[in-house]
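Worksheet: the structure to be examined is printed underneath.
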Amino acid sequence: MEKLRNFVLKFYDKIIYLFSFFIILFLTVNSFFFTAYMPSIVENRSEYTYYYSDNIFLTIMALLLFIFSGVLIKKLKIKLSDNKKIIKYLLVLTGIVSIIWIFMANTSVIYDSLECFQAAKDFLKGDYSFLNTGEYLYLYPYQLGLVFFEQCLYKLFGVNTLLVFQILNCISMIVTLFLIIKIFDMLFKKENNSLLMCILSCLFLSYTFYCSFVYGNLISFCLSVVSIYYFILFCKNDCMWKKVVFLILSILFISFSYCIKSTALITIISLLIISFIHFISKRKKINLIYMLLLVLSFSLPIKIIYSYYEKVSGIEINSGIPMIGWVAMGLHDSKRGEGWYDASTVDNYEKVNYDSKKFSDLSLKDIKDSISKFKSKPKYTIKFFYKKISSQWNNPTFQSLWKLTDTAQNRIARSIVKGKLHDLVYVYSNYFQVIIYLGSLLFLILYREKCDYWKMYFLLIFIGGFVFYCFWEAKAQYTFQFFVLLIPYASIGYNKLFDIILKKVDNKRYDIFQRKKEID
56 MEKLRNFVLK
66 FYDKIIYLFS
76 FFIILFLTVN
86 SFFFTAYMPS
96 IVENRSEYTY
106 YYSDNIFLTI
116 MALLLFIFSG
126 VLIKKLKIKL
136 SDNKKIIKYL
146 LVLTGIVSII
156 WIFMANTSVI
166 YDSLECFQAA
176 KDFLKGDYSF
186 LNTGEYLYLY
196 PYQLGLVFFE
206 QCLYKLFGVN
216 TLLVFQILNC
226 ISMIVTLFLI
236 IKIFDMLFKK
246 ENNSLLMCIL
256 SCLFLSYTFY
266 CSFVYGNLIS
276 FCLSVVSIYY
286 FILFCKNDCM
296 WKKVVFLILS
306 ILFISFSYCI
316 KSTALITIIS
326 LLIISFIHFI
336 SKRKKINLIY
346 MLLLVLSFSL
356 PIKIIYSYYE
366 KVSGIEINSG
376 IPMIGWVAMG
386 LHDSKRGEGW
396 YDASTVDNYE
406 KVNYDSKKFS
416 DLSLKDIKDS
426 ISKFKSKPKY
436 TIKFFYKKIS
446 SQWNNPTFQS
456 LWKLTDTAQN
466 RIARSIVKGK
476 LHDLVYVYSN
486 YFQVIIYLGS
496 LLFLILYREK
506 CDYWKMYFLL
516 IFIGGFVFYC
526 FWEAKAQYTF
536 QFFVLLIPYA
546 SIGYNKLFDI
556 ILKKVDNKRY
566 DIFQRKKEID
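Using the working numbering, you'd call the opening residue of the sequence shown number 56 and step up by one each time.
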């Protein structure tokens, strides 16, 4: 039994490590040579991606400048009196900059976010037509959690709801970054450079730009990270009553996260996996209880919201477009790009008169046809998935600039939307993306022997997101949060690299000194 336990743990660690290594290796190499560019919505409303060759020389120079700066700072031994205070100041400063950006950008709601906001307004007036057959929430009932949240905001803040939502995005960003730093401090301890991690996180401009986008992504992501934080405390704490409290809080926060954005299901699956692995490692049955309670209760809040709207509207909530339709669409070669939205889900659902069984059968046939095409045309298959992955993971701004609307009165904001600063932000973000991918790869190379299941937990979520969006509808905004999870690994990778370089420099200087001494 002990041999089987050790085998499972080693096998799990190797699988996560190898998957992470090859995925990040591909993303790193790809980011050196190409960039996926998506013009802002002002210039191109269709989400079309363009691909440009990068200047490898300039990319290498940017990397060397970053590495030289890091080594120099370490070599000079610039000691800060209190790293924790500086981290807090940096996070607060980033939050202030994000709030300033919100006022500068003056972004309006568009597309799906507009539909949700309008539904929330109508619901407050007692108009539930959005739930009628063929309407937006009939097709996408899983958005009701977000609509309910927005309805509550409208009830409390009225016309200021959009601004309040954006400020909540800023708060969510700061809480997320703060907790990720705390989590890595717990998991890596002395190996972690939390200040470097904080600096890199704050330098990720797309996070700031996303604060003006009101679609629940940042809030749901924040709730997921809070849940992970409490889950780790639950596993690491020996006090039983504290364990129970942390267990409840973890499940509560991930349930709310799923309620606002169903993509939190990836984190839920990761929590189930890591809880099972921890059970095998430590043989604590309470981890099995956590898994059972999580499975039974993560969808409870959204089900309660469904029941509430059914009661007040008198309309039965439809199950919506079956999820298999999004997989079928994710394998299409659409005008927007490989695997991007092409309206086939809505068209086919209407075609079968909103019959879920017929739609699922139609989607399954569609998937089989796509697989047959992939099998018969290997070159097409490679090109399809290469471009689909690149359009999502090699877009350095992750669609954060595409989301900006032409409503800003501020000159700087207008330039970021469609002017010279727009191009400058893309160039900066491109180098930043290369730095993070390479740093994550360095972590995997330099920490190979120290990578256990806890230290690789965020990589498990990253792998889940990567694999999921290989087959699901493609959007760079969906992969954004998984990129954020790589930043801590990149900071640890570079911190180790800086130490290695300094050690070699010191050894070389020592050798030179010894030789001079011998000559003298």
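Just so it is clear, CB atoms sit at the ideal spot from N, CA and C, and this is done for glycine as well. Predicted, not measured: the structure shown is a model, and the values here were computed from it.
Enclosing alpha helix (DSSP H) for residue i [first to last residue]
i, result
"Phe259", "Segment: none, Phe259 is in no alpha helix (DSSP H) and carries neither H nor E."
"Gly494", "475-501"
"Gln198", "Careful: Gln198 lies outside any alpha helix (DSSP H) and carries neither H nor E."
"Phe276", "272-291"
"His333", "320-337"
"Phe353", "From DSSP, Phe353 is part of no alpha helix (DSSP H); its letter is neither H nor E."
"Gln536", "531-539"
"Lys412", "411-431"
"Glu170", "166-179"
"Leu459", "It is not in any alpha helix (DSSP H) - Leu459 carries neither H nor E in the DSSP assignment."
"Asn138", "138-160"
"Trp381", "379-385"
Rounded straight-line distance, which links the Cα of residue j to that of residue i
i, j, result
"Ser136", "Ile128", "Bear in mind that a pLDDT of 49 at Ser136, under 50, signals an unreliable position, so the number given afterwards is only what the model happens to contain. Spanning the two alpha carbons is a distance of roughly 15 Å."
"Leu515", "Leu479", "33 Å"
"Lys428", "Lys458", "34 Å"
"Tyr544", "Leu419", "38 Å"
"Val482", "Val214", "37 Å"
"Leu326", "Gly271", "21 Å"
"Arg466", "Tyr166", "25 Å"
"Asn403", "Ile115", "48 Å"
"Ile335", "Lys291", "15 Å"
"Glu190", "Ile154", "34 Å"
"Tyr67", "Phe178", "48 Å"
"Val539", "Ala463", "27 Å"
"Phe123", "Ile500", "20 Å"
"Asn485", "Thr90", "7 Å"
"Lys176", "Lys390", "33 Å"
"Asn224", "Leu217", "11 Å"
"Ile315", "Val560", "51 Å"
"Ser267", "Lys432", "42 Å"
"Phe439", "Lys430", "12 Å"
"Asn187", "Ile370", "8 Å"
"Phe276", "Ile309", "9 Å"
"Ile344", "Asp507", "23 Å"
"Phe435", "Ser368", "The displayed chain sequence assigns Tyr, not Phe, to residue 435. Straight-line Cα distance between these residues: approximately 49 Å."
Nearest neighbour of residue i, chosen from the options [CA to CA]
i, options, result
"Ile321", "Ser279, Asp416, Phe289", "Ser279"
"Ala174", "Cys207, Ile154, Lys143", "Cys207"
"Thr162", "Gln221, Phe112, Phe178", "Gln221"
"Pro451", "Val164, Ala531, Lys244", "Ala531"
"Asp293", "Leu260, Thr318, Lys337, Leu273", "Lys337"
"Lys358", "Gly200, Ile141, Phe286", "Gly200"
"Ile306", "Ile315, Ile283, Ile542", "Ile283"
"Gly205", "Lys423, Gly181, Cys171, Pro196", "Before going further, note that residue 205 is Glu rather than Gly in the sequence given. When only C-alpha atoms are compared, the closest one is Cys171."
"Ile157", "Asn61, Lys65, Thr188, Ile226", "Ile226"
"Asn138", "Ile444, Asp240, Ile372", "Asp240"
"Val63", "Ile328, Leu417, Tyr197", "Ile328"
"Asn85", "Asn550, Gly150, Lys443", "Lys443"
"Leu192", "His387, Asp421, Ile372, Ser445", "Ile372"
"Val269", "Val202, Phe498, Ala319", "Val202"
"Arg60", "Gly474, Asp424, His333", "His333"
Beta-carbon contacts of residue i that lie in its chain and below 8 Å, excluding the five residues immediately before and after
i, result
"Glu528", "Trp381, Met384, Gly385, Gly394, Trp395, Tyr396"
"His477", "Ser95, Leu456, Ser470, Ile471"
"Leu146", "Ile229, Leu232, Phe233, Cys253, Cys257"
"Leu496", "Phe76, Ile79, Leu80, Thr83, Gly548"
"Ser101", "Lys390, Arg391"
"Thr263", "Thr149, Val152, Ser153, Trp156, Met228"
Cutoff 6 Å; reference residue i; Cβ partners in own chain excluding five residues on either side
i, result
"Leu82", "Trp448, Tyr492"
"Pro377", "Ser411, Phe414, Ser415"
"Phe521", "Ile78"
"Phe537", "Phe517, Gly520"
"Ser399", "Met384"
"Ala468", "Met159, Ala160"
For residue i, the first and last residue of its enclosing beta strand (DSSP E)
i, result
"Tyr107", "105-108"
"Ala91", "89-92"
Residue j beta carbon less than 8 Å from that of residue i
i, j, result
"Phe301", "Phe311", "no"
"Phe259", "Ile542", "yes"
"Leu242", "Lys505", "no"
"Tyr183", "Gly375", "no"
"Ser261", "Phe453", "yes"
"Tyr265", "Leu273", "yes"
Proximal residues to residue i (C-beta, below 7 Å), its chain only, five neighbours per side dropped
i, result
"Phe87", "Asp109, Ile111, Thr114, Val489"
"Ile142", "Ile236, Ser249, Leu250, Cys253"
"Tyr105", "Tyr92"
"Tyr524", "Gln447, Tyr533, Thr534"
"Asp421", "Ala383"
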